[in-house]
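Here the structure is laid out as structure tokens; the discussion comes afterwards.
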């Protein structure tokens, strides 16, 4: 059985229609395909997803219901009742009912935004995300190529508009830590390749830096060395003695990649000075209403705990201006206290996005950062960002620096959704997400002593960044320190 939301909330989709033969057949088809794809090796365990539209000739394709396989259910055990049902705009109409222990609670796929983008941009009838090893290998022939090309291959005749002598071109996009972060790059690939029926995601399941792929030539940052350097993550001293680099590097932003003054003197004031204007201009948007909902919840907790600066936010009945005035007062107090809370960071990210888009803001990083990021990327080291700022804010900063777009050297972003930066469990969560064999394969760089302590407790290697304007460290802190990324 499945739980169904009320018709009035979900565009009038009736229970009768949800129980119709067309929907039942679509449910059965997905569960059958999941088992078939598992047996073929195209998906493994809980990896991969299948989604398709319920064929109904009486409805235009954009209005047809969408069925989607859930997250966390092994494909070989998928049942028809496990499917999510969504409307044409992506709203969940029907969710699978929870199953008894040891089954996990149902969860809609994190790839739902990607699927909806493909449906809207291509008017697709189905979208499939495979985890086949072949698709990963196709992205590894040339780790820097943005597309995969093949011709004189019999099987490409099965793709509309292609024959044996034609060339099939499939765009390649870079993987991220979370699937939903691929949405923007997927949309750009679909737009840039109007004839493509697929998009490949590099390293989505495999890591090209693990095996040796021959020497790297002319790696920036290692001048005058005439030794062959494997793409496996390592570097060398002047005598060509190989020294291992970490498999992954996780970077803090403020005081590590970026001057503290940029955050305190530019980003924070910009958010504070524009919060009222932003809320007023975007008040009715779904994004801003979600921001307001988070702020209301945070302020309610703050009032109960007696947090200084917290003031009640009136209900919507009080009017837009009164609500915004209370929101502004709370946000200004949060910024002044430099609080590391999701409600504030999410809103700040949306305000900063407008600033970057209008060229009113430009990201600043220390001079040694771009060269180091490029060198680590060339050596196959995966670099991630972990900051109290939202992932959106992180992407904006590194995508709009005075040194250009540095996101091409980054593999993903973490924010306080994984936990507080001064708590061990946050680094345990990051370790599990990155999938390394040992936590010590991750190097964490930060300017905060307490963050280094937490990372070390989780088994990570930690180095403290000493930059102009950073707070002094306690005596005998016991950590290695650096003044520049070039020292790593």
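Numbering (UniProt numbering), first residue to last: 1 to 488. We treat Cβ as the ideally placed atom computed from N, Cα and C, and that holds for glycine.
Note to self: Which residue wins for smallest C-alpha separation from residue 330, given the options 272, 263, 361?
What the structure shows: 272
Check: Fully enclosed by the segment 47-91, which beta strand (DSSP E) runs are 3 residues long or longer?
Finding: 49-53, 66-68, 84-86
Notebook entry, point to check: Got a sec? Which residues, its chain only, sit under 7 Å from residue 429 by beta carbon, not counting five neighbours each side?
Noted result: 418, 419
Margin query: For the alpha helix (DSSP H) containing residue 426, name the first residue and the last one.
Written below: 424-434
Item checked: Residue environment, residue 252, which counts as buried when at least 16 other CB atoms sit within 10 Å -> Around the C-beta of residue 252, 16 or more other C-beta atoms lie within 10 Å, and the residue is accordingly described as buried.
Notebook entry, point to check: What did DSSP end up calling residue 158 once you bin it into helix, strand or coil?
Noted result: helix
Notebook entry, point to check: Just checking my contact of residue 69 with residue 49 at CB under 8 Å: how many whole Å lie between their CB atoms?
Noted result: 5 Å
Check: Is the Cβ-Cβ distance between residue 363 and residue 397 less than 8 Å?
Finding: yes
Item checked: Paired residues, beta bridge with residue 251 - DSSP -> 385, 445
Check: With DSSP run on the structure shown, which of helix, strand or coil describes residue 171?
Finding: strand
Note to self: Using 8 Å for Cβ pairs, my map puts residue 406 next to residue 373. What's the rounded Cβ distance?
What the structure shows: 6 Å
Next item on the list: Please name the residue or residues paired with residue 413 in a DSSP beta bridge.
Entry: Beta-bridge pairing links residue 413 to 385.
Checklist line | Extent of the continuous beta strand (DSSP E) run through residue 401 | finding: No beta strand (DSSP E) holds residue 401; DSSP gives it neither H nor E.
Next item on the list: Assign residue 256 to one of two classes, buried (16 or more other C-beta atoms within 10 Å of its C-beta) or exposed (fewer than that).
Entry: buried
Notebook entry, point to check: Would DSSP call residue 345 helix, strand or coil?
Noted result: helix
Check: Quick one, which of 442, 316, 173 has its alpha-carbon nearest residue 386's?
Finding: 442
Notebook entry, point to check: In terms of alpha-carbon separation, which member of 435, 326, 280 lies closest to residue 296?
Noted result: 326
Item checked: Burial state of residue 246 (16 or more Cβ within 10 Å) -> buried
Next item on the list: Name the two residues that bound the continuous beta strand (DSSP E) containing residue 139.
Entry: Premise fails: residue 139 is in no beta strand (DSSP E) and is neither H nor E.
Next item on the list: Run the CB neighbour count on residue 435, radius 10 Å, all protein chains shown included, and call it buried at 16 or more, exposed below.
Entry: exposed
Margin query: Alpha carbons only, please: which of 127, 132, 62 is nearest the one belonging to residue 46?
Written below: The residue with the shortest Cα to Cα distance from residue 46 is 132.
Checklist line | Range covered by the alpha helix (DSSP H) that runs through residue 373 | finding: 368-378
Check: From what residue to what residue does the beta strand (DSSP E) around residue 148 run?
Finding: 147-151
Check: Under a three-way DSSP split, which group does residue 326 fall into?
Finding: In the three-state DSSP reduction, residue 326 falls in the helix class (H, G or I).
Item checked: Rounded straight-line distance, which links the Cα of residue 410 to that of residue 474 -> Distance between the alpha carbons of residue 474 and residue 410 is about 31 Å.
Next item on the list: Using only alpha-carbon positions, find the residue among 154, 177, 180, 181 that is nearest to residue 168.
Entry: 154
Margin query: DSSP three-state label for residue 471, please.
Written below: coil
Notebook entry, point to check: Under the three-state reduction of DSSP, which class applies to residue 461: helix, strand or coil?
Noted result: strand
Next item on the list: Alpha carbon to alpha carbon, how far is residue 427 from residue 476? Give it in angstroms, no decimals.
Entry: 23 Å
Note to self: If contact is defined by three or more beta carbon pairs under 8 Å, each pair taking one atom from either stretch, is the segment 24-43 in contact with the segment 122-142?
What the structure shows: Judged by pairs of C-beta atoms under 8 Å, the segment 122-142 touches the segment 24-43, as three or more such pairs exist.
Check: Run through DSSP, which three-state label would residue 163 get?
Finding: coil
Item checked: Proximity of residue 114 and residue 186 at Cβ, strictly below 8 Å -> One thing to note: residue 114 has its Cβ within 8 Å of the Cβ of residue 186.
Item checked: Nearest candidate by alpha-carbon position, reference residue 309, set 149, 316, 317, 300 -> 300
Next item on the list: Kindly indicate which three-state DSSP category residue 202 falls into: helix, strand or coil?
Entry: strand
Next item on the list: Report the rounded CA-to-CA distance for residue 415 versus residue 355, giving the unit in angstroms.
Entry: Between the C-alpha atoms of residue 415 and residue 355 there is a straight-line separation of about 21 Å.
Margin query: Classify residue 390: buried if its beta carbon has 16 or more other beta carbons within 10 angstroms, exposed otherwise.
Written below: buried
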